[in-house]
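Enquirer: Below: one structure in structure tokens.
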Amino acid sequence: DAKEQVEAFILSHPATEQVFELQVCNAVPSSTEAQRYVEEQQSQRPFTHVIVIEENAEADMALLLRNQQTFGGCVVGFYAPRPEDAQLYMDAFTDCFRVFCPFGENRAVYHPDRLFKDEMMVLARAFHRSYEQAGRAYISLGAKKTEQETTDGWSALSEHLQRSNLALALHHKTKIELLHRLSAQKFGTTKALLSRCAQTMQGESLLEKAEAILNDPVTEYLAAAEHRRWCNFHLM
10 DAKEQVEAFI
20 LSHPATEQVF
30 ELQVCNAVPS
40 STEAQRYVEE
50 QQSQRPFTHV
60 IVIEENAEAD
70 MALLLRNQQT
80 FGGCVVGFYA
90 PRPEDAQLYM
100 DAFTDCFRVF
110 CPFGENRAVY
120 HPDRLFKDEM
130 MVLARAFHRS
140 YEQAGRAYIS
150 LGAKKTEQET
160 TDGWSALSEH
170 LQRSNLALAL
180 HHKTKIELLH
190 RLSAQKFGTT
200 KALLSRCAQT
210 MQGESLLEKA
220 EAILNDPVTE
230 YLAAAEHRRW
240 CNFHLM
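Take the sequence shown: its letter number 102 is residue 111 in the numbering used here, and every next letter is one higher.
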């Protein structure tokens, strides 16, 4: 839906600071109230991104163009589900703003949380395979090993299991859910956590992203807490 697509668009821009969604001002875009809202918000903290929804496109774009100097340096995201509309707005407004990006279902925006969950599932399976292999090796060679080798083998096995559990726990919760819960537990603001999460997902390879996520004490804490909750539930 539109909300999900807008969220995906915002998350795809790591430099996002202050987002202005026109429908949030609760005023008719052509009114003086809307103009006052824009000026007040801009004076408090400059906008970096502006989101326009197709429902009020004409009035919203009129408001933007009246304030072209104010929004000149912004990234303007225009949610236009139909390809023909996206092209129309692109032709009309590209030269008016530094960055003008029509987006929507037609652009096949793949929601970062879906991507996140897919990748964490791949990781969970990979870690679980490593755990199974380490377990088989530990059992089959256990009798022949020295005490030190046995201890080292058990530590490695425990680490494989922990990573598998963490990846599974992260898979079952989207980034947004994780971050809202982290925010509630006083780990930081939602915005700071979103930025942090976006940075961890910028690794070139799946393994790099996995390492960044699983070695982050905040996500590790949350994943471990989530895993304990599952264990308690299944033991009831």
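Every residue gets a Cβ at the ideal spot worked out from N, C-alpha and C, and that includes glycine.
Determine the direct distance from the alpha carbon of Gln50 to that of Thr41, and round the result to whole angstroms.
Expert: Thr41 and Gln50: Cα-Cα distance of roughly 14 Å.
Enquirer: Determine the extent of the beta strand (DSSP E) in which Phe102 is found, giving its start and end residues.
Expert: Note, Phe102: premise wrong, no beta strand (DSSP E); alpha helix (DSSP H) at Pro92 to Phe102.
Enquirer: Nearest-angstrom Cα distance between Thr57 and Arg134?
Expert: Straight-line Cα distance between these residues: approximately 39 Å.
Enquirer: Who does Glu30 pair with in a DSSP beta bridge?
Expert: Its beta-bridge partners are Ile60.
Enquirer: Looking at Ile60 and Tyr88, is the spacing between their C-beta atoms short of 8 Å?
Expert: Yes, these two residues count as a Cβ contact at 8 Å.
Enquirer: Report the partner residues of Pro111 according to the DSSP bridge assignment.
Expert: For Pro111, which the question treats as bridged, DSSP gives the partners Phe87.
Enquirer: Quick check on the burial criterion: 16 or more other C-beta atoms within 10 angstroms. Buried or exposed for Ala117?
Expert: Residue confidence for Ala117 is low, a pLDDT of 43 falling below 50, so the modelled location carries little weight; the figure read from the coordinates is stated next. The residue is exposed, with fewer than 16 neighbouring Cβ atoms inside 10 Å.
Enquirer: With a threshold of 6 Å on Cβ separation, who are the neighbours of Phe109 within its own chain once the five nearest residues in sequence on each side are excluded?
Expert: Val85, Phe102 and Thr103.
Enquirer: Could you check the C-alpha separation between Gly113 and Cys83 for me, to the nearest Å?
Expert: Rounded to whole angstroms, Gly113 to Cys83 spans 19 Å at the Cα level.
Enquirer: Going by DSSP, what residue range makes up the alpha helix (DSSP H) through Ser52?
Expert: Element bounds for Ser52: Thr41 to Gln53.
Enquirer: How far does the alpha helix (DSSP H) with Phe80 in it extend, from its first residue to its last?
Expert: Residues Gln77 to Phe80.
Enquirer: In this structure, how does DSSP classify Phe106 when only helix, strand and coil are distinguished?
Expert: Coil, per DSSP.
Enquirer: I need the straight-line Cα distance from Arg54 to Glu48, nearest angstrom please.
Expert: Straight-line Cα distance between these residues: approximately 10 Å.
Enquirer: Work out the CA separation of Phe136 and Ala43 for me, nearest whole Å.
Expert: The alpha-carbon atoms of Ala43 and Phe136 are separated by roughly 53 Å.
Enquirer: For Leu74, which residues from the same chain have a beta carbon less than 7 Å from its beta carbon, with the 5 sequence-adjacent residues on both sides left out?
Expert: Within the same chain, Leu74 has close Cβ partners Cys105.
Enquirer: Comparing C-alpha positions only, which one of Ile148, Arg138, Ala146 and Arg145 sits nearest to Asn174?
Expert: Comparing Cα-Cα distances from Asn174 to each of Ile148, Arg138, Ala146 and Arg145, the minimum goes to Arg138.
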